[in-house]
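Peer 1:
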Amino acid sequence: MAANNETGVIQDIEAIGSICKKHSVLFHTDATQAVGKIPFDVVKSNVDLCSFTAHKFYGPKGVGCLYRKKTSPKIEMVPQIDGGGHEFGLRSGTLNVPGIVGLSSALQLAVGNLNQEISETARLRDTLYNGLSQQVGDVVVNGPHPLLDSCHRLSANLNISFLGAPSSVLMMGIKDIAFSAAAACGTTGAAYSHVLKAMNVGNERGETAIRLSVGSYTTDEEVEYTIERIVQEVQSIRKQVYN
Ligand SMILES: *Cc1c(COP(=O)(O)O)cnc(C)c1O
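In terms of my numbering, the sequence shown opens at residue 952 and continues consecutively.
1. Locate the alpha helix (DSSP H) running through residue 1077, then write down its first and last residues.
2. Identify the residues that DSSP records as bridge partners of residue 1002: which are they?
3. Who are the Cβ neighbours of residue 1092 in its own chain at under 6 angstroms, not counting the five residues just before and after it?
4. Take the Cβ of residue 1108 as the centre, count every other Cβ of all protein chains shown within 10 Å, and call the residue buried at 16 or more, exposed below.
5. Would you mind giving the Cβ-Cβ distance between residue 1030 and residue 1040, rounded to the nearest angstrom? I have them listed as a contact below 8 angstroms.
6. Rounded to the nearest angstrom, what separates residue 1012 and residue 1079 at their Cα positions?
7. Evaluate residue 1021 with the Cβ neighbour count: other Cβ atoms within 10 Å of its Cβ, from every protein chain shown; 16 or more gives buried, anything less gives exposed.
8. Quick one: Cα of residue 966 to Cα of residue 983, how far?
9. Measuring alpha carbon to alpha carbon, tell me which residue in 1106, 1188, 1178 is nearest residue 957.
10. What beta strand (DSSP E) runs, 3 residues minimum, are completely inside the region 1099-1148?
11. Can you find a heavy atom of ligand 1 that lies under 8 angstroms from the Cβ of residue 1006?
12. Tell me which residue opens and which closes the beta strand (DSSP E) that residue 1156 is part of.
13. Is the beta carbon of residue 984 within less than 8 angstroms of some heavy atom of ligand 1?
14. Please find out if some non-hydrogen atom of ligand 1 comes closer than 8 angstroms to the beta-carbon of residue 1082.
15. Is the beta carbon of residue 988 less than 9 angstroms from the beta carbon of residue 1068?
16. Buried or exposed: where does residue 975 fall if 16 or more other Cβ atoms within 10 Å of its Cβ makes it buried?
17. I'd like the span of the beta strand (DSSP E) that includes residue 1090, first residue to last.
18. Given residue 1142, which residues of its chain have a CB within under 7 angstroms of its CB, disregarding the five upstream and five downstream residues?
Structure (structure tokens):
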């Protein structure tokens, strides 16, 4: 992953790519969280293949893009869908033209507005972080610190643990704000996020972690409301747990 969907951690894809290149290892990255979120250049990043999905940059759902570097000989791929041999045998089936055009238009807009998107989402995310960390104690950020190490973290992402307040309880108490305890697309029912587990954060931090994401359409009022509700709920959970 060029950037992680749960923690917002940005990987040094360029460095990984250059090691792969040096040793003739093919390199694919899932760039879904990077495209439209940080500057990402397939050539500079030394990737051979990269994939991303449209709906993460406000494009239509159900369409994604796979980049394959032009090399000679060609990088061979096995089709996941075969049949009529469309798209040079790579993906059979009638092309989803509205999806493709929608992805392309959304991508142009996302790349064109990139700097503005980054600064606006960073401003909202930092307000969120400041509000939460100033009003409730025992808060730990998972991944790079949003204020001290912002260049290694996606500007829209905040993954934060409220020690003593399990995320499952927090989620049950707050019905009108969408946030997650792990990846939105994971339904494994594990105790806590496999990403946090791999980062060795420990059970306490893992079980109390939530992920909050802002978008450029998020308003200041929504951020203020979110801070207020989470602070309220965390304080009430901690009281119940400790009393
Ligand atoms: C959302 C996401 C996916 C899945 O894309 P879908 O089009 O929703 O299936 C894959 N990888 C990352 C990093 C994502 O954030």
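Yeah, the Cβ is synthetic: ideal placement off N, Cα and C, and Gly gets one too.
Peer 2: In brief:
1. Residues 1065-1086.
2. In the DSSP assignment, residue 1002 is bridged to 981, 1017.
3. Excluding sequence neighbours, residue 1092 sits near 1111.
4. It counts as buried.
5. With a Cβ gap of about 6 angstroms, residue 1030 and residue 1040 count as contacting.
6. In this model, residue 1012 and residue 1079 are separated by some 28 angstroms (Cα to Cα).
7. Classified as exposed, residue 1021 has fewer than 16 neighbouring CB atoms from the shown chains inside 10 Å of its CB.
8. Between residue 966 and residue 983, the C-alpha separation is close to 19 angstroms.
9. Checked all of 1106, 1188, 1178; the closest Cα to residue 957 is 1106.
10. Whole beta strand (DSSP E) segments, 3+ residues: 1108-1113.
11. Using a cutoff of 8 angstroms, the CB of residue 1006 counts as near ligand 1, since one of the ligand's heavy atoms is closer than that.
12. Per DSSP, residue 1156 belongs to no beta strand (DSSP E); it is in the alpha helix (DSSP H), 1154-1158.
13. It does: the Cβ of residue 984 is within 8 angstroms (strictly closer) of some heavy atom of ligand 1.
14. For residue 1082, the distance from the CB to the nearest heavy atom of ligand 1 is not below 8 angstroms.
15. Yes, Cβ-Cβ distance for residue 988 and residue 1068 is below 9 angstroms.
16. Burial call: exposed.
17. According to the DSSP assignment, residue 1090 belongs to the beta strand (DSSP E) that extends over 1090-1092.
18. 1158.
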